[in-house]
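Chains A and B are the protein sequences, given in the same order. If you use numbering that gives the first Met the number 0, the first sequence corresponds to residues 0 to 939, in order. If you use numbering that gives the first Met the number 0, the second sequence corresponds to residues 0 to 380, in order. Read the structure below first, then the notes.
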Amino acid sequence: MMNSMSVPSKRSTLERKLDKLILTLFGGLFFMCLIGAIGSGVFINRKYYYLGLFEDVEQQFNPSNRFVVSILTMFTLITLYSTIIPISLYVSIEMIKFIQCAQFINKDLRMYHAETNTPALARTSNLNEELGQVEYIFSDKTGTLTRNLMEFFKCSIGGVSYGVGITEIERGQAQREGRALNEIQKSDTVVYEKGFNFDDDRIMRGAWRNERDPEIFKEFFRCLALCHTVLPEGDESPEKIVYQAASPDEAALVTAAKHFGFFFYRRTPTTVQLRESHVEKMGNIQDVSYEILNVLEFNSTRKRQSVVCRYPNGRLVLYCKGADNVIYERLAGTNQDIKRLTREHLEQFGSSGLRTLCLAYRDLTIDTYENWNEKFVQAKSSLRDREKKLDEVAEMIEKDLILIGSTAIEDKLQEGVPDCIDTLSRAGIKIWVLTGDKMETAINIAYACNLINNDMKQLIITSETDAIREAEEKGDPVEISRVIRDSVSHDLKRCLEEAQQDLHIFGQKLALVIDGKCLMYALDPSFRVDLLKLSLNCSSVVCCRVSPLQKAQVTSLVKKGARRITLSIGDGANDVSMIQAAHVGVGISGLEGMQAVMASDFAIAQFRFLKDLLLVHGRWSYIRLCKVITYFFYKNLTFTLTQFWFTFHTGFSGQRFYDDWFQSLYNVIFTALPVIILGLFDKDVSASLAKKYPQLYKEGIRNTYFKWAVVGVWAFFAFYQSLIFYYFTTTASENGHNSSGKIFGLWDVSTMAFTCVVITVNLRLLMACNSITRWHHLSISGSILAWFVFIFIYSGVMTPNDRQENVYFTIYVLMSTFYFYLTLLLVPIVALFGDFLYLGLQRWFFPYNYQIVQEIHRDEVDSISRTEFLEIGNHLTPDEARSYAIAQLPREKSKHTGFAFDSPGYESFFASQAGVYVPQKAWDVARRASVRSSKRTSQR
Amino acid sequence: MPKGGHVDDYASMGEGLATSDEKERAWGQISETEKGDDNVRGGPAEDDDRRSGAFFQILDSRFTQQELPACKPLLTPTIVISTFALIGILFIPIGLASLSASENVVEIVYRYDTECIPQQSQDDKVAFIQSSATDKTCRTTLTVPKNMKAPVHIYYELYNFYQNHRRYVKNRNDKQLRSKEYELETTNCAPEATTVDGSPIVPCGLIAWSLFNDTYSFAIQNKAIEVNKKNIAWQSDKDEKFGSDVYPKNFQQGGLIGGAKLNESIPLSEQEDLIVWMRTAALPQFRKLYGRIETDLVANEQISVTIQNNYNTYSFEGEKKLVLSTTSWIGGKNDFLGVAYLTVGSLCLFLALAFIVLYLLKPRTLGDPSYLSWNRNPDRH
């Protein structure tokens, strides 16, 4: 909770821009009033004797004080033109947004997670349209991207790769390249349990004995079963045993060993007991006890872990597992083949998003061991620099290793994550992963999620450099901070240069990886600009080992510095500040606690629903709201401008063109409902197409539909239409009508003009619609009908109330003339002529992307969306073909081998096992909070 | 829900759990009532196993899933061209019809405001018109250009007269005009509301006060032509707005005379000149119906017109015209509608043709993926 920030109230960017538009309208209002006021001051004159401007005339028309006349007329005109300010717009927007949230987002089946019975939840209705403009997504890792579930997935033993599973990322790649994956149907006998998702007939159920070199398999399995720090709990049977491990990786490895026939069931202070099957011969089961002589623990500098154990037959072996680069440095110079093959497999696993570990062993002679053990005991009992000494001693025995192979563990992603990330990045959204995990893990997950791939150049800024480590060992805080600061500054400059070069010369995509410690310094005001510049150039950014507060800082950096719209998504308490800092906060609801959801604006059950939330709901909301706003702007401007033109012909007196009731009900009844229907139902492309063409989303990021140019076009046509309304109706109304030759008065003409305005404005809405449902028909014809019903009644009755019967019978008088029908046909068509021509030419010559997509799929019925995932094309788009071609170019590539083996709580876990208190680190706290624990719930 | 401190969070977490349970129950209940509607959705949804349970049933409506049946009109070149062609084809005949109707109308317009001032008074027209001593009779002869079939409508036309000025428009009291019982109602009528001694003026207000008072009489070969002044106002005005029991009172009794006087023995509903005048015009130049000549006028006939030039338009540089006009079905002479229809119609036809040519020269394939921006320039996303 120390990381929590004060809760900001969020308003959408679109609404803030709307405020500017309203301000502009106020400016326009003032300008119009000013013109009218000056005109009235000039006009007023006693010569118009019929106005009765004698001595005691009221101040507003008193020609002897023209200044006062102007001022007072100004106020009159402000009330007269006040319709230019769309007050009902805010009410309509609120209604639309509320229904969008309550009915559409909350009840969308595409975002409903059946397994947990969780629908999406919009916790605020303020930010719907903001979802359509998100450019940066900040995502937590654990629980959001991954399930925090490690599964043994593949392995490479003696240079042969085993495991038939296919990772999500491989599937995605294949799909993009149009390859068919021959997914092997898993055999019925396949065992699946938490932590083990592996199948290969060549090694399961003892079949490994028939492989070329069974001995190496034994080493491999024993290494898995012996070299760890797992504690078994519960019943000592393979089905019921529970492994307590500091990291889920370890548990997964031991579980794997169990399924391979090397069941680790008991640990005593000095021994590890295995129940081995199929070792000597098939079907043979025996319990073997191995004496563990030394444990060389894992830490982040060593990146490996070893045990020395003694077989019952006295054989002394050191088993070692660790990062590939660490192990490879310590291998004996023999058997280059296995090394090469294993390296290839490591790369394969790594790029498939798997976490790899290398396994190796070394046979020790008793002499060597005894010699070494003395030093080890000495080091262990030393009081100063014990850890360092232990490391040095370990270094002496962990050499001349023989490579056995490697394991590949899948950090199980949430369902559909790589696909979702891929779609989102094609939509022009940049995804940043902010995690408390270690760098390797974070990079690994980034690979697994398709955020980073081998075509990208990685720019890494880390505090795990020798210089910094050296400084840290000296322990002088000032010195440490200076060294890190220098290094960060240097790294930033270097990366920025590289980024400029690579991005602009080679067009290569970049990925930035930065750790929390460096970030702390990089967020310093003096480096902030560089960091921002660098990160904006990168297509993906991974921040590892960051504290919750840093997550929020990074979010605000982009939000404020780049002025782009940001979204944060997370599931735990540690994400709360980040969720609050971003424009839009999304919480993952479901298994984890409610903290993130409570702080969020939207809650969804799965990361993959983000695709629907942004590309479908966000995009629609944005487009709808833009239309609603611009349409409101247009209809009020048109209406007010006709009034304005009339002012010029009334001696600037501020006479109303329309009856009071017409003016009041214009926004409330005659044009209110259709625009709400538009805001609810307008769909340019269907949900499935919006996801099939994620690029359409970019129009929202660029704010294509609410630019000043768009508003300008609407304003121009409002201007044009108002001229048509005013001049056509008045000009045509002169002279006599019908064969009776009778003449219209002011109110006849204004009723005519108002009828034209109502009809045209409603029809214009129909032209703005992309899809027309029967609600559109109902509301538009209803609005027009409402006007006629109103005017029939209103002008048909005399009331005893104190009103001037201005419009009495006007509509009936009008309807008795041909003028009415001829004007009614002419004026709306002429008024809409300009809009129609513009829309036609725009689609013809400068089509928007969505319009092309509409055309491509013009014959399809909407219900196709039901099978949306089946119709993804198999051919490469030109974009992909190009990136594929680029990938073929020779260049510096970062080969990723996917080592990741950690848990931030790892060291302290073993320390506490050993009874030593190790202070927790910041990221421990960070991580702990996000680990799904039932403990917290039970405490409550 | 408050987003405040963490204490609140914990508290509301409990609420959240509770409400979600309740919701589930609620869904279950509603789903039973909704079961009858199951077959509305049809097949494709059923094969989706994930979407099962109460939630699915209640929520899988076309409304919430935003899958309402809709037609999606595309403004394709074909539609643009055919719309323009259609408007053209529709408008040109209408335009021709109304234009010919307007052309058939014979109209004589005679501006008399300057000519009806004697030479010696030209320098001070206002003094001439305001003096009660001067003879304001004015004679002229008009030639009938074409045969004019009866009825020939007589209009007066005023220019630069702001009947639509705010002070003017509201300067009347409809209640008073309507019924005798509201005789005392003179709200809005200042400064022509009451006489000096406080009794109400009927009809009150500036509009009535400034009633037009020029008169016209016509003769052909010294034989007077009768001017029918009946039925020149809209029936609704006569029936409802001007009462048959309301008689003029104290009208034009003040120091300043604005215009015509009214016969106090005739009810307002019969004072059609007043009724016509009080239907205030929309623009500062307007025509008003004066009366009708019920005999046919033959081409080249000379009509001698006697004008009583009483009305003061000289103070404000106004103009006065006398108009004799026949009507057709469309009304008086007004080319505007016909011309507008013709112009728009031919413009649309022209555009339709132009677009056809353009379409042939530079065809626009519908739904060509190469138009998509990310296909046009892959470098810039």
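Built from N, CA and C at the ideal position, the CB exists for glycine as well.
Determine whether the Cβ of N769 of chain A lies closer than 9 Å to any Cβ atom of chain B.
N769 of chain A counts as touching chain B.
Please give the ranges of any beta strand (DSSP E) in the region 583-619 of chain A, keeping only runs that are unbroken, at least 3 residues long and fully inside the region.
Here the runs fully enclosed are 583-587, 601-603.
Under a CB-based cut-off of 9 Å, is D196 of chain B close to chain A?
Chain A, which has no Cβ nearer than 9 Å to the Cβ of D196 of chain B, makes this no.
Are the beta-carbon atoms belonging to P85 of chain A and F715 of chain A less than 9 Å from one another?
No, they are not a contact pair.
Measuring only the C-alpha atoms, how far is R278 of chain B from R655 of chain A?
Cα to Cα, the separation comes out at about 15 Å.
Pick helix, strand or coil for I231 of chain B, following the three-state DSSP scheme.
In this structure, I231 of chain B counts as coil in the three-state DSSP scheme.
Using CA coordinates, which residue listed in A:K193, A:S738, A:R329 is at the minimum distance from F152 of chain A?
Ranking A:K193, A:S738, A:R329 by Cα distance to F152 of chain A puts A:K193 first.
Which chain B residues sit within Cβ distance under 8 Å of I428 of chain A?
Going along chain B, no residue has its Cβ under 8 Å from I428 of chain A, so there is no contact; the nearest lies around 11 Å.
What residues from the region 271-286 of chain B come within 9 Å of chain A, judged by C-beta to C-beta, listed N to C?
Those residues of the region 271-286 of chain B that come within reach of chain A (Cβ to Cβ, closer than 9 Å) are V275, M277, R278, T279, A280, A281, L282, P283, Q284, F285, R286.
Only counting runs of 3 or more residues, tell me where the beta strand (DSSP E) segments fall wholly within the region 440-467 of chain A, in order along the chain.
List check, beta strand (DSSP E) in window: 456-460.
Taking Y358 of chain B as the reference, give the member of A:Q594, A:R10, A:W843, A:K411 with the closest Cα.
Considering only alpha carbons, the answer is A:W843.
Does DSSP classify G711 of chain A as helix, strand or coil?
G711 of chain A falls in the helix class under three-state DSSP.
Three or more C-beta pairs under 8 Å: does that hold for the region 703-719 of chain A against the region 801-811 of chain A?
The region 703-719 of chain A, when compared against the region 801-811 of chain A, does not touch it at the 8 Å Cβ threshold.
With a threshold of 8 Å, establish whether the CB of Q304 of chain A neighbours any heavy atom of the ligand GDP.
Summarising the ligand content, the structure contains no ligands, and the ligand GDP is consequently not present.
Do you know how far the Cα of N212 of chain B is from the Cα of L255 of chain B?
Their Cα atoms are separated by approximately 15 Å.
Looking at the unbroken beta strand (DSSP E) that takes in P231 of chain A, where does it start and where does it end?
Residues 230-232.
Assuming T142 of chain B and Q301 of chain B are in contact, meaning their beta carbons sit under 8 Å apart, how far apart are those beta carbons, in whole angstroms?
With a Cβ gap of about 6 Å, T142 of chain B and Q301 of chain B count as contacting.
Give me whichever residues DSSP pairs with C625 of chain A in a beta bridge.
In DSSP, C625 of chain A forms no bridge with anything.
Three-state secondary structure (DSSP) at G653 of chain A?
In this structure, G653 of chain A counts as coil in the three-state DSSP scheme.
Excluding five sequence neighbours on each side, which residues of the same chain lie with their C-beta closer than 7 Å to the C-beta of Y161 of chain B?
Cβ within range, chain order: Y167, P283.
What residues from the region 330-343 of chain B come within 7 Å of chain A, judged by C-beta to C-beta, listed N to C?
Flagged, chain order: G330, G331, K332, N333, F335, L336, A339, Y340, V343.
Could you pull the start and end residues of the beta strand (DSSP E) that V321 of chain A belongs to?
According to the sequence shown, residue 321 of chain A is Gly rather than Val. Residues 315-321.
Could you check whether the Cβ of V79 of chain B sits closer than 9 Å to any Cβ belonging to chain A?
So, interface residue.
Just to confirm, is the Cβ distance from L511 of chain A to V553 of chain A under 9 Å?
Against a cut-off of 9 Å, the Cβ pair of V553 of chain A and L511 of chain A comes out as no contact.
If E93 of chain A sits next to L624 of chain A, beta carbons under 8 Å apart, how far is it from one beta carbon to the other, in whole angstroms?
In fact, because the Cβ distance is near 11 Å, the residues do not count as touching under 8 Å.
Quick one: list the residues of chain B neighbouring D547 of chain A, beta-carbon separation under 7 Å, in chain order.
At residue 547 of chain A the sequence reads Pro, which differs from the Asp that was named. Those do not exist, as P547 of chain A stays about 13 Å from chain B at its closest Cβ, beyond 7 Å.
Kindly say whether E191 of chain B, judged by its beta-carbon, lies nearer than 9 Å to any beta-carbon of chain A.
Chain A, which has a Cβ nearer than 9 Å to the Cβ of E191 of chain B, makes this yes.
D410 of chain A lies in the beta strand (DSSP E); which residues open and close that run?
Taken as a continuous stretch (DSSP letters only), the beta strand (DSSP E) holding D410 of chain A covers 401-412.
Looking at the secondary structure, which residues open and close the beta strand (DSSP E) in which N293 of chain A lies?
Residues 284-295.
Quick one: residues in its chain with C-beta nearer than 6 Å to the C-beta of S555 of chain A, no 5 flanking neighbours on either side, listed in chain order?
Around S555 of chain A: A580.
Can T139 of chain B and V304 of chain B be called in contact, C-beta distance under 9 Å?
Yes.
Could you check whether the Cβ of D112 of chain B sits closer than 9 Å to any Cβ belonging to chain A?
Chain A, which has no Cβ nearer than 9 Å to the Cβ of D112 of chain B, makes this no.
Going by DSSP in three states, D436 of chain A sits in which element: helix, strand or coil?
Coil.
Write down every uninterrupted run of the alpha helix (DSSP H) in the region 764-804 of chain A whose length is 4 residues or greater and which is fully enclosed by it, in chain order.
Here the runs fully enclosed are 773-793.
Evaluate K456 of chain A with the Cβ neighbour count: other Cβ atoms within 10 Å of its Cβ, from every protein chain shown; 16 or more gives buried, anything less gives exposed.
Counting Cβ neighbours within 10 Å, K456 of chain A comes out buried, since at least 16 surround it.
Is R177 of chain B buried or exposed, if buried means 16 or more other CB atoms sit within 10 Å of its CB?
Buried.
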